[in-house]
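S.K.: The structure follows.
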Amino acid sequence: MTSFAPSLQRQLWQPPVELTWAQRAGLTVVVLVVHVGAAALLWHAAPEPVMVAESAPITVALIADEPQTQAVQPPVAQPTPVKPVPVVQPRPIPPSPRPAPTVVAAPRPAAAQEMQVPVAPPAPTTPPAPAEVPPAAQAAPATQAVPTGPVTAAPAAQAGRASTQPKVLPSSAVRYLVEPMLTYPRVSRELGEQGVVRLKVLVDEQGRPKDIEVARSSGYPRLDQQAVQAMKKARFQPHLEDGQARSVWVLAPLTFNLED
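Take the sequence shown: its position 94, counting from 1, is numbered 90 in the numbering used here, and each next residue is one higher.
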């Protein structure tokens, strides 16, 4: 580039000619433009400098052999101090109360017991004369002996309660509206069982058997049970007292006979 600039200047060089002021000014401007362009080309075409980093100097040092180190013993662990256990002082046991001394009463001297002053017997006194009793006081026992009303009424109340209990009547005192129909048990007939069952029947106001008991057994449970079952289906004529129907107990015998 530097060689190009002088050649360019030689080509542009002309013998001096008388130039006008305007020509000189224009020439000056052209020269300045050429120089500015050349400077610009040089500036852009110049290579960027390469920065080379300097390497750090290497230092070599000789290391002498280290002396053999003695074996380091591990530190001995110090034992932890043991906390002293507080000693519990035993509580003082209170002394047991001493038993109170028993006071023994001193016996009285026998001489004091023997020295008793005899008591003189009381002088007989004459009984006073009986005072006169007024007639009203003498008549008082006769008044107290009279029995009161409630005491007399007690037997009557008991008799009233007894009258409310049903009477016990024989079978002849009542009449059957529906007689009990006996059915002879087949086993009893084969075994030859027979006898009389006496029943105690409570007949209510409508003449129905309300309660049935075996007053006397025939000696055979089968016959007794059959008699009770037959009596449950019977009906009686109601028993009347003072025109009013009453409940009564009736003693009714039922006979089981093989010949019938």
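All C-beta atoms, glycine included, are put in the ideal place defined by N, C-alpha and C.
With a cut-off of 8 Å on the beta carbons, I'd call P234 and G203 a contact; round off their distance for me.
M.R.: Here residue 234 refers to the residue found at position 238 of the sequence shown. Here residue 203 refers to the residue found at position 207 of the sequence shown. 5 Å between Cβ atoms; contact.
S.K.: Going by DSSP, name the residue or residues bridged to Q240.
M.R.: As a first step, residue 240 is located in the sequence shown; it is residue number 244 there, counting from the start. E237, per the DSSP bridge assignment.
S.K.: Looking only at its chain, what residues have a beta carbon closer than 8 Å to the beta carbon of D207, apart from the 5 residues adjacent to it on each side?
M.R.: Along the sequence shown, read from residue 1 onward, the residue named residue 207 stands at position 211. Hits under 8 Å: V197 and L198.
S.K.: For P181, which option in P217, V174 and S167 has the closest C-alpha, if you only look at C-alpha atoms?
M.R.: Here the question's residue 181 lines up with position 185 in the sequence shown. P181 has its Cα closest to that of P217, out of P217, V174 and S167.
S.K.: State the CB to CB distance for the pair E189 and A241, rounded to an integer number of angstroms; the pair is presumed to be in contact (CB under 8 Å).
M.R.: Mapped onto the sequence shown, residue 189 falls at position 193. Mapped onto the sequence shown, residue 241 falls at position 245. That belief does not hold up - the Cβ atoms of E189 and A241 are roughly 38 Å apart, past 8 Å.
S.K.: What separation, rounded to the nearest whole angstrom, lies between the Cα atoms of R185 and S243?
M.R.: Counted from its first residue, the sequence shown places residue 185 at position 189. Counted from its first residue, the sequence shown places residue 243 at position 247. Roughly 36 Å between the two C-alpha positions.
S.K.: Can you tell me which of the three DSSP states P217 falls into?
M.R.: The residue you call residue 217 lines up with position 221 of the sequence shown. Helix at P217.
S.K.: Taking all protein chains shown into account, decide if L37 is buried (16 or more other Cβ within 10 angstroms of its Cβ) or exposed.
M.R.: Counting from one through the sequence shown, the residue named residue 37 turns up at place 41. It is exposed - the Cβ of L37 has fewer than 16 other Cβ atoms within 10 Å.
S.K.: Taking a contact to mean a Cβ-Cβ separation below 8 Å, would you say A230 touches L178 in this structure?
M.R.: Walking along the sequence shown from the start, residue 230 turns up at place 234. Walking along the sequence shown from the start, residue 178 turns up at place 182. No. Outside cutoff.
S.K.: Can you look up R171 in the DSSP assignment and give me helix, strand or coil?
M.R.: As a working mapping, residue 171 is identified with position 175 in the sequence shown. Three-state result, R171: coil.
S.K.: One question on the structure: do P205 and L250 come within less than 8 Å of each other, judged by their Cβ atoms?
M.R.: As a position in the sequence shown, residue 205 is number 209, starting the count at 1. As a position in the sequence shown, residue 250 is number 254, starting the count at 1. No, the pair does not count as a contact, with Cβ atoms beyond the cut-off.
S.K.: Label S168 either buried or exposed according to how many other C-beta atoms from any shown protein chain fall within 10 Å of its C-beta, with 16 as the threshold for buried.
M.R.: Within the sequence shown, residue 168 is the residue found at index 172, counting from 1. So S168 counts as exposed.
S.K.: Identify the continuous alpha helix (DSSP H) that holds R212 and give its terminal residues.
M.R.: Position 216 of the sequence shown holds residue 212. R212 -> not in any alpha helix (DSSP H); beta strand (DSSP E) instead, spanning P205 to R212.
S.K.: Let me know the secondary structure DSSP gives R87 once reduced to three states.
M.R.: Position 91 of the sequence shown, counted from the start, is the residue given in the question as residue 87. Residue state, collapsed to three classes: coil.
S.K.: Looking at the unbroken beta strand (DSSP E) that takes in L165, where does it start and where does it end?
M.R.: Indexing the sequence shown from 1 puts residue 165 at position 169. K163 to P166 is the extent of the beta strand (DSSP E) around L165.
S.K.: Which residue from V246, L219, K228 and H31 puts its Cα closest to that of R171?
M.R.: Looking up residue 171 in the sequence shown gives position 175. Among V246, L219, K228 and H31, the Cα nearest to that of R171 is on V246.
S.K.: Output needed for S213: all residues of its chain with C-beta closer than 6 Å, excluding positions within five of it in sequence on either side, in chain order.
M.R.: In the sequence shown, counting from the first residue as 1, residue 213 sits at position 217. Cβ within range, chain order: D220.
S.K.: Let me confirm a value: V29 is counted as buried when at least 16 other C-beta atoms fall within 10 Å, else exposed. Which label applies?
M.R.: Here residue 29 corresponds to residue number 33 of the sequence shown, with the count starting at 1. Label assigned to V29: exposed.
S.K.: Leaving out the 5 sequence neighbours to the left and right, which residues in its chain are closer than 6 Å to P166 when beta-carbon positions are compared?
M.R.: Sequence index remark: in the sequence shown, residue 166 carries index 170 (1-based). Answer for P166: L247, listed in chain order.
S.K.: How is T139 classed by DSSP in three states: helix, strand or coil?
M.R.: Stepping through the sequence shown from its first residue, residue 139 is reached at position 143. Bear in mind that the predicted position of T139 carries a pLDDT of just 44, short of 50, making it too unreliable to give a figure here.
S.K.: Report, in whole angstroms, the separation of the C-beta atoms of F232 and L187, which I expect to be a contact under 8 Å.
M.R.: Residue 232 sits at position 236 when you count from the first residue of the sequence shown. Residue 187 sits at position 191 when you count from the first residue of the sequence shown. The pair is not a contact, with the Cβ atoms about 32 Å apart (cut-off 8 Å).
S.K.: Within 7 Å: the Cβ of E237 and any heavy atom of the ligand MN?
M.R.: The model on display carries no ligand, and the ligand MN is accordingly not part of it.
S.K.: Between the Cα of V183 and the Cα atoms of Q222, R194, L236 and V193, which residue gives the shortest distance?
M.R.: Indexing the sequence shown from 1 puts residue 183 at position 187. The residue with the shortest Cα to Cα distance from V183 is Q222.
S.K.: Who are the near neighbours of G145 in its chain, counting only those whose CB is closer than 6 Å to its CB and skipping five residues on each side?
M.R.: The residue labelled residue 145 in the question sits at position 149 within the sequence shown. With a pLDDT of only 46 at G145, under 50, the local geometry of the prediction cannot be trusted, and no value is derived from it.
S.K.: Given E209, which residues of its chain have a CB within under 6 Å of its CB, disregarding the five upstream and five downstream residues?
M.R.: Stepping through the sequence shown from its first residue, residue 209 is reached at position 213. Counting only Cβ-Cβ distances below 6 Å, and skipping sequence neighbours, we find K196.
S.K.: Give the secondary structure of V197 by DSSP, where H, G and I count as helix, E and B as strand, and everything else as coil.
M.R.: Counting from one through the sequence shown, the residue named residue 197 turns up at place 201. V197: strand per DSSP, three-state reduction.
S.K.: Taking only three categories from DSSP, how would you classify A230?
M.R.: Reading the sequence shown from its first residue, position 234 is the one you call residue 230. In this structure, A230 counts as coil in the three-state DSSP scheme.
S.K.: Mind checking whether G191 and G215 have CB atoms under 8 Å apart?
M.R.: As a working mapping, residue 191 is identified with position 195 in the sequence shown. As a working mapping, residue 215 is identified with position 219 in the sequence shown. Contact flag set, yes.
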